[in-house]
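Working notes for the structure below.
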Amino acid sequence: MEDYTKEINKRRTFAIISHPDAGKTTLTEKLLLYGGAINLAGSVKGKKTDRHAVSDWMEIEKQRGISVTSSVMQFNYGDYCINILDTPGHQDFSEDTYRTLMAADSAVMVIDASKGVENQTKKLFKVCVMRGIPIFTFINKMDREAKDTFELLDDIETVLGIKTCPVNWPIGSGKNFKGVYDRESKHILRFFAANSGQKEVDTIEVNLGDESLDSLIGKENHGILNEEIELLEGAGSEFDLDEVRQGRLTPVFFGSALTNFGVKTFLEHFLNMTTPPLSRKSSEGYVDPAENGFSAFVFKIQANMNKAHRDRIAFMRICSGKFEAGMEVNHVQGGKKIRLSQPQQLMAQERKIIEEAYAGDIIGVFDPGIFSIGDTLCLSDKKFEYEGIPTFSPEHFAKVRQVDTMKRKQFLKGVTQIAQEGAIQIFQEYNTGMEEIIVGVVGVLQFDVLKFRLESEYGVEIRLEPLGYEYIRWIENKGLDASKLNVTADTKKVKDLKGNPLLLFIHNWSIQTVLDRNKELRLSEFGRD
Ligand code: G4P
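Next up, the structure:
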């Protein structure tokens with residue numbers, strides 16, 4: 009067998025997670041600049057003011073249905089081949105954002121230094137923890153007034169429940185931001201504001217204890233830095249690479265993506281600390297990326313918004329071996345051999361056809377409607393299945409009714425197909441038929457998508473009536489009779505598409521009350537087959 013070890017060892021595949029506006033896009037652009045993948049910052053996406061959710065989506069439709077927000081950006085840096093998976097945020101936030109994390113080997117968490125940990129970061133973080141992937145923290149916008157550094161670290165530790173280990177330490181913030189102190193090399197990187205932010209700002213490196221520091225960063229800052237370093241040595245968690253790789257300790261970096269300060273040093277430390285793609289769990293044990301031929305799993309399906317082209321794109325993460333255009337593989341769940349045609353890779357807003365790819369890479373292939381999320385593809389002589397992708401908790405719910413009751417069949421077909429693609433989740437109340445369906449989504453834009461697609465693809469007009477539920481839990485107990493549960497007045501019992509029982513809650517505190525009242529009950533935020 010061909011030796012792909014070298015190619016696979018070069019791969020680093022990670023997702024960047026953050027709350028909207030923390031600086032994910034800006035950081036991504038700067039990383040791409042280092043790889044020479046783009047020439048100008050600002051090419052990753054258009055200005056936010058131009059991005060109205062629905063019209064944006066219509067625009068996507070014109071371009072034959074590829075969401076630019078779910079792109080994968082690949083670039084080389086030194087000997088590394090880096091794949092950044094974009095996790096759609098803002099109005100595009102959807103279950104796909106979570107699913108993307110299933111395809112990453114590590115995550116970079118961007119936090120706004122003036123805000124600390126925010127809501128969307130919390131949700132995405134939970135998925136990273138569930139997977140046990142390494143999480144790296146970049147505390148951004150140090151050129152603006154920031155919260156106290158110790159407070160920021162404490163916030164991460166208490167809100168997210170992960171230990172922190174600062175790799176570098178900021179000197180001041182806002183107008184008084186002077187740079188960072190690298191704890192390992194004991195160097196100070198002095199920050200000088202640059203207007204364009206195109207390149208790494210000019211930096212001067214000076215050793216801690218150097219006489220020039222008083223004038224370089226100011227006497228007061230120097231004094232504070234010495235005190236903080238002393239405090240940190242006594243209080244902070246020690247760096248431990250094993251803990252980092254198991255996702256129990258997050259290395260923390262400080263910087264300013266906009267002015268491009270701290271990005272390069274972050275990237276280099278990050279590359280040193282991360283591993284190439286690791287073995288992945290399957291029905292036949294762990295699959296080593298380098299010792300097996302091609303295998304992959306589907307983590308996302310993008311429907312084509314153009315009526316004339318009902319095809320879809322299935323995005324898959326290659327887990328082992330080498331992919332070659334046109335190769336014949338075994339689609340395990342479908343029980344069929346298929347030829348993977350027109351493989352694509354996405355680079356910022358452009359798609360390109362590719363000839364080969366390796367474990368760690370993401371490819372999009374034409375899907376004539378045969379793939380489902382979580383499906384495995386492998387060489388024809390193998391038959392293992394990768395662990396499935398869980399269903400993530402929706403947070404917005406609405407009752408859906410068709411306007412014209414004569415179109416019942418189309419309505420059911422459309423809703424079910426869109427749910428199978430993973431864009432929405434559908435639930436049914438006990439003791440009712442499919443006349444009324446409850447739809448749950450992770451991001452509200454999906455309601456618009458559902459309405460638009462049912463009208464344009466299935467000719468069915470619907471009415472959506474928002475429901476007040478915000479929390480959903482899958483009942484994990486096998487064989488438990490949900491109708492006998494003692495629940496609160498604000499709780500609704502429903503079933504999902506596969507008949508699994510779930511509970512919907514309006515208030516967070518009701519979850520605990522229901523657990524207290526039903527001692528045997530086990531609830532989960534993730535749905536599994
Ligand atoms: P997101 O993808 O996480 O949503 O954030 P994005 O990078 O779009 O950044 C949100 C806003 O924060 C942008 O400003 C961006 O320029 C700014 N920003 C990012 N990093 C830094 C930083 O290190 N320092 C400072 N001071 N600002 C930063 P905007 O005015 O909302 O958008 P735009 O018009 O610049 O695109």
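Quick note: the sequence shown, position 219, residue 227 per the working numbering, numbers continuous.
Note that CB positions come from ideal geometry on N, CA and C, so glycine has one too.
Computed from a prediction, not measured in an experiment: that's the story for all the values here.
Return the chain-ordered list of same chain residues with a C-beta closer than 6 Å to the C-beta of residue i, the five sequence neighbours on each side being excluded.
i: Glu437; result: Val502
i: Leu404; result: For clarity, residue 404 is His in the given sequence; the question names Leu instead. The residues are Val449 and Val452.
i: Tyr466; result: Gln418 and Gly422
i: Ile514; result: Gly476, Tyr477 and Asp498
i: Lys500; result: Leu512
i: Leu240; result: none
Can you find the residues in the same chain that come closer than 7 Å, C-beta to C-beta, to residue i, ignoring five residues on each side of it along the sequence?
i: Tyr42; result: Tyr85, Lys272 and Leu275
i: Thr13; result: Ala298
i: Asn526; result: Leu493 and Asn494
i: Thr496; result: Ser518, Thr521 and Val522
i: Arg471; result: Arg409 and Val411
i: Asp375; result: Ile309, Asp319, Arg320, Ile321 and Ala322
i: Ser532; result: Arg481, Trp482 and Glu484
i: Leu221; result: Ile196, Val214 and His230
i: Asp87; result: Lys18
i: Thr399; result: Gln433, Phe534 and Gly535
i: Arg325; result: Ala111, Ala304, Phe305, Phe307 and Ile370
i: Gly140; result: Gln254 and Gly255
i: Lys407; result: Glu444, Ile446, Glu473 and Leu475
Using three-state DSSP, classify residue i as helix, strand or coil.
i: Tyr466; result: helix
i: Phe200; result: coil
i: Gly476; result: coil
i: Tyr4; result: Given a span of 9 to 537 for the chain in the structure shown, any question on residue 4 remains unanswerable.
i: Leu531; result: strand
i: Gly293; result: strand
i: Lys330; result: strand
i: Ser303; result: strand
i: Phe83; result: strand
i: Gln310; result: strand
i: Gly507; result: coil
i: Asp94; result: strand
i: Gln341; result: coil
i: Gly182; result: helix
i: Thr496; result: coil
i: Ser518; result: helix
i: Ile16; result: helix
i: Ser223; result: helix
i: Phe101; result: coil
Between residue i and residue j, how many whole angstroms is the CB-CB distance? I'm expecting something under 8 Å.
i: Gly507; j: Leu462; result: Rounded, the Cβ-Cβ distance is 23 Å, inconsistent with contact.
i: Val306; j: Ser388; result: That belief does not hold up - the Cβ atoms of Val306 and Ser388 are roughly 18 Å apart, past 8 Å.
i: Phe302; j: Gly329; result: 4 Å
i: Leu511; j: Asp504; result: That belief does not hold up - the Cβ atoms of Leu511 and Asp504 are roughly 12 Å apart, past 8 Å.
i: Phe323; j: Lys345; result: Incorrect: roughly 21 Å between the Cβ atoms, too far for contact.
i: Ile24; j: Ile92; result: 6 Å
i: Asn176; j: Arg191; result: 6 Å
i: Ile397; j: Gly377; result: Rounded, the Cβ-Cβ distance is 19 Å, inconsistent with contact.
i: Glu429; j: Ala311; result: 6 Å
i: Leu538; j: Arg20; result: Since the first residue shown for the chain is 9 and the last is 537, residue 538 is missing from the structure and cannot be characterised.
i: Met150; j: Phe185; result: 5 Å
I'd like the list of long-range same chain contacts for residue i, defined as Cβ closer than 8 Å, with 5 residues on each side in sequence excluded.
i: Glu160; result: Here residue 160 turns out to be Leu, not Glu, going by the sequence shown. So the list reads Ile119, Ala121, Gly124, Ile147 and Ala154, once near-sequence residues are dropped.
i: Glu393; result: Ser290, Ser291, Val340, Gln341 and Thr384
i: Asp181; result: The sequence shown places Ser at residue 181, not Asp. Correct list, in chain order: Ala121, Met150, Asp151, Arg152, Glu153 and Ala154.
List, from N- to C-terminal side, the beta strand (DSSP E) runs of 3 residues or more that fit wholly inside the segment 231–283. 257–262
Taking only runs of the beta strand (DSSP E) that begin and end inside the segment 345–421, which ones reach a length of at least 3 residues, in chain order? 352–355, 358–361, 364–366, 370–375, 384–386 and 404–410
Those runs of the alpha helix (DSSP H) which lie wholly inside the segment 104–143 and span at least 4 residues: Listed in chain order, the complete alpha helix (DSSP H) runs (minimum 4 residues) inside the segment 104–143 are 127–139.
Between the segment 161–170 and the segment 130–146, can you find at least three pairs of beta-carbon atoms closer than 8 Å? yes
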